[in-house]
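Residue numbers (my numbering), protein chains in the order written: chain A, 700 to 1017; chain B, 700 to 1017.
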């Protein structure tokens, strides 16, 4: 536990599909302590969410008594603990705070589930997010711009005037992951004894350019075969195929986003996420003529605390 | 073995990644007998191709002595028995026949490897096919039209004037397969006790329409998330997600092919493949305003025999 002059204020819970992550934070949003386990929601039976939470909070409960817990992300989804209704975009932090769902726990504590967002304007079905809304609040909603949250299911959101205005999901990370692990691309990279220590940025740039330029109007389904043909032609080594694929799919995400009107060359674009993905997407943004503006690395915590503070101010405290 | 008035003429070998398939055919191209085993090239060490072939041919050798063998497909690739150089498109059956590579076998027989094709005009790297060229020859190259060969790696080829003029690969089947088995889509369908007995064509059509209409200029990476949002919104049952996904990716293949100039509405398009894929692609072709013209189901055998006959005529017999 860090030394800190501020006492803990609350617990911010990021309980996702594959990981349980709880942060003990003070009033400034500083993280005092953290618990992380592989007890993601997909491995926890519905009846045992409270037991897992209680066990993982035990040390903090002894040290600090009961603290309010704010949870966001997939824990509020249909496969999670409780399914909270989505708040409709456009929506700001106050709308999210008002929609927090409280639940009393057996140990006397209270957990507040921060809801996800839906964008009913998206075709063919309304789009959804759970968890990314706290990152967007933590990034800041005042200046109008597109904000990209790269990940398994990347989100592009338009923010401005204190609200998340609209958003769209791209399954880029998942397409990259399943193709690099289970397709002909996995076969190409199989002879490599070790995973590569660092990205091969020139292979990434080659894939990015192919997706950006789309010579011969190629789309993703035909471009993907170039991982094989590049290897056959001797233009891509086995060790380069994975980063080339990464460039192809991330470049395709930016190409699709541009076609959909998410940006024009010269725009500033917000970027929030882990270090590696921010570097990958920052390079892609620059290649597409954008000026990336990096959000804070703890945007999700900041956003959760901002929403918690509003909830308290409007008398909807946990 | 079928009763037949014609004696066997040769063996047509279709030795692919996951399956060994040998056909005993007569001079009319009728299949007299077949051997099929799961000894695909990926499971056979390089030194043992001849042993496996010899064992699987043993009964035919006893009955008919040594017959010429014509092999096409992945057996001639870098991971196969021998890697034959590609013939460059445009090319017709005679160019393929001239490039057959002969190899004498220990049992006194001879195998002729029919080469694959490359299209050096494709960007960013030359495209390739191995095996599909025999299907195209079997379909017929005289009338100018686009011919689609659906599969793990679908091929679109332009044929005419006795030649395969150009072609392009789309990895549609592989994207469908890895996403339906390893992604969030697999999670959605997991509660189903049994695989569905027949395609749900209305779910397929829904996905096809989403890919064809591209409302809001959506591309594949954003459309794929609609499998989840359609399920969340109650518009897609868990049992429908797989066929909806199939419609999305096949529809995207046709959309991409149209953008690349492979067809315009009203065109006739050839279609060669297995029964299920021909139905799937036939429905997609019709939805895109095309008039599908089905090739013979034994196009690969017909093509191999046509190429073998040319080889004999030009003195390049196996």
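By construction, the Cβ of each residue, glycine as well, lies at the ideal position given by its N, Cα and C atoms.
Just so you know, these numbers come straight off a predicted model, no measurement behind them.
Starting from the C-beta of residue i, find all residues in its chain whose C-beta is less than 7 angstroms away, skip the five residues before and the five after it, and write them out in chain order.
{"i": "residue 821 of chain B", "result": "867"}
{"i": "residue 1001 of chain B", "result": "728, 837, 995"}
{"i": "residue 986 of chain B", "result": "907, 911"}
{"i": "residue 1045 of chain B", "result": "In the structure as shown, chain B begins at 700 and stops at 1017. Residue 1045 of chain B is therefore absent and cannot be evaluated."}
{"i": "residue 803 of chain B", "result": "809"}
{"i": "residue 776 of chain B", "result": "782, 829"}
{"i": "residue 934 of chain B", "result": "none"}
{"i": "residue 940 of chain B", "result": "884, 887, 888, 926, 930"}
{"i": "residue 988 of chain B", "result": "964, 965"}
{"i": "residue 981 of chain A", "result": "970, 991"}
Please report how far the alpha carbon of residue i lies from the alpha carbon of residue j, in whole angstroms.
{"i": "residue 947 of chain B", "j": "residue 1014 of chain A", "result": "46 angstroms"}
{"i": "residue 884 of chain A", "j": "residue 936 of chain A", "result": "12 angstroms"}
{"i": "residue 909 of chain B", "j": "residue 951 of chain B", "result": "9 angstroms"}
{"i": "residue 963 of chain A", "j": "residue 957 of chain A", "result": "7 angstroms"}
{"i": "residue 703 of chain A", "j": "residue 791 of chain A", "result": "Confidence in residue 703 of chain A is poor, its pLDDT being 49 and thus under 50, which makes the residue's placement unreliable; the coordinate value appears in the next sentence. Taking the straight line from one Cα to the other gives about 31 angstroms."}
{"i": "residue 706 of chain A", "j": "residue 769 of chain A", "result": "17 angstroms"}
{"i": "residue 870 of chain B", "j": "residue 856 of chain A", "result": "30 angstroms"}
{"i": "residue 861 of chain B", "j": "residue 789 of chain B", "result": "10 angstroms"}
{"i": "residue 709 of chain B", "j": "residue 767 of chain B", "result": "5 angstroms"}
{"i": "residue 798 of chain B", "j": "residue 787 of chain B", "result": "11 angstroms"}
{"i": "residue 992 of chain B", "j": "residue 843 of chain B", "result": "13 angstroms"}
{"i": "residue 760 of chain B", "j": "residue 713 of chain B", "result": "18 angstroms"}
{"i": "residue 854 of chain B", "j": "residue 875 of chain B", "result": "15 angstroms"}
{"i": "residue 717 of chain B", "j": "residue 858 of chain B", "result": "29 angstroms"}
{"i": "residue 721 of chain B", "j": "residue 979 of chain B", "result": "27 angstroms"}
{"i": "residue 864 of chain A", "j": "residue 928 of chain A", "result": "42 angstroms"}
State the start and end residues of the unbroken beta strand (DSSP E) segment that holds residue i.
{"i": "residue 843 of chain B", "result": "Neither: residue 843 of chain B is in no beta strand (DSSP E) and is coded neither H nor E."}
{"i": "residue 906 of chain B", "result": "That residue, residue 906 of chain B, is in no beta strand (DSSP E); its alpha helix (DSSP H) goes 900-912."}
{"i": "residue 809 of chain A", "result": "809-812"}
{"i": "residue 853 of chain B", "result": "853-859"}
{"i": "residue 764 of chain B", "result": "Careful: residue 764 of chain B lies outside any beta strand (DSSP E) and carries neither H nor E."}
{"i": "residue 875 of chain B", "result": "First-last for residue 875 of chain B: 871-881, but that is the alpha helix (DSSP H), not the beta strand (DSSP E)."}
{"i": "residue 803 of chain A", "result": "800-803"}
{"i": "residue 919 of chain B", "result": "No beta strand (DSSP E) contains residue 919 of chain B, which is instead part of the alpha helix (DSSP H) from 919-922."}
{"i": "residue 968 of chain B", "result": "967-970"}
{"i": "residue 823 of chain A", "result": "Per DSSP, residue 823 of chain A belongs to no beta strand (DSSP E) and is neither H nor E."}
{"i": "residue 817 of chain B", "result": "816-818"}
Hey, quick one: how far does the alpha helix (DSSP H) through residue i stretch, first residue to last?
{"i": "residue 930 of chain A", "result": "925-931"}
{"i": "residue 1003 of chain A", "result": "998-1012"}
{"i": "residue 942 of chain B", "result": "940-958"}
{"i": "residue 775 of chain A", "result": "First-last for residue 775 of chain A: undefined, no H or E at that position."}
{"i": "residue 829 of chain A", "result": "Careful: residue 829 of chain A lies outside any alpha helix (DSSP H) and carries neither H nor E."}
{"i": "residue 981 of chain B", "result": "974-986"}
{"i": "residue 794 of chain B", "result": "792-797"}
Return the chain-ordered list of same chain residues with a C-beta closer than 6 angstroms to the C-beta of residue i, the five sequence neighbours on each side being excluded.
{"i": "residue 743 of chain B", "result": "751"}
{"i": "residue 850 of chain A", "result": "872"}
{"i": "residue 902 of chain A", "result": "939, 942, 943"}
Which residues in chain A have a C-beta closer than 9 angstroms to the C-beta of residue i? List them in chain order.
{"i": "residue 903 of chain B", "result": "Under the 9 angstroms cutoff, chain A gives no residues; its nearest Cβ is about 14 angstroms from residue 903 of chain B."}
{"i": "residue 959 of chain B", "result": "915, 916, 917, 918, 921"}
For residue i, go through chain A and note every residue whose CB falls closer than 7 angstroms to its CB, in chain order.
{"i": "residue 871 of chain B", "result": "920"}
{"i": "residue 925 of chain B", "result": "823, 824"}
{"i": "residue 928 of chain B", "result": "824, 825, 826, 827"}
{"i": "residue 877 of chain B", "result": "877, 878, 881, 882"}
{"i": "residue 736 of chain B", "result": "Within chain A, no residue comes near residue 736 of chain B; the closest Cβ sits about 21 angstroms away, beyond 7 angstroms."}
{"i": "residue 868 of chain B", "result": "921, 924"}
Please list, in chain order, the chain D residues whose beta carbon lies closer than 7 angstroms to that of residue i.
{"i": "residue 883 of chain B", "result": "The structure shown contains no chain D; the protein chains it does contain are A and B."}
Could you name the residues of the same chain whose beta carbon sits closer than 8 angstroms to that of residue i, not counting the 5 residues immediately before and after it, in chain order?
{"i": "residue 938 of chain B", "result": "888, 891, 895, 899"}
{"i": "residue 715 of chain A", "result": "739, 740, 772, 773, 774, 830"}
{"i": "residue 990 of chain A", "result": "965, 966, 967, 968, 984"}
{"i": "residue 826 of chain B", "result": "817, 818, 866, 867, 868"}
Strictly below 8 angstroms CB to CB, what residues from chain A border residue i?
{"i": "residue 976 of chain B", "result": "The contacting residues do not exist; residue 976 of chain B stays about 15 angstroms from chain A at best."}
I want to verify the contact list: residues of chain B whose CB lies under 8 angstroms from the CB of residue i, in sequence order.
{"i": "residue 932 of chain A", "result": "824, 825"}
Going along chain B in order, which residues have a C-beta closer than 7 angstroms to the C-beta of residue i?
{"i": "residue 964 of chain A", "result": "Within 7 angstroms Cβ-Cβ: nothing; residue 964 of chain A doesn't reach chain B, min ~17 angstroms."}
{"i": "residue 909 of chain A", "result": "823"}
{"i": "residue 718 of chain A", "result": "Within chain B, no residue comes near residue 718 of chain A; the closest Cβ sits about 16 angstroms away, beyond 7 angstroms."}
{"i": "residue 955 of chain A", "result": "918, 920, 921"}
The segment 836-866 of chain A: positions lying closer than 7 angstroms to chain B by Cβ: 852
Between the segment 823-834 of chain A and chain B, which residues of the former have CB atoms less than 9 angstroms from a CB of the latter, in chain order? 823, 824, 825, 826, 827
Pull out every residue of the segment 935-952 of chain A whose Cβ sits closer than 9 angstroms to any Cβ of chain B, in chain order. 935, 948, 951, 952
Pull out every residue of the segment 782-795 of chain A whose Cβ sits closer than 8 angstroms to any Cβ of chain B, in chain order. none
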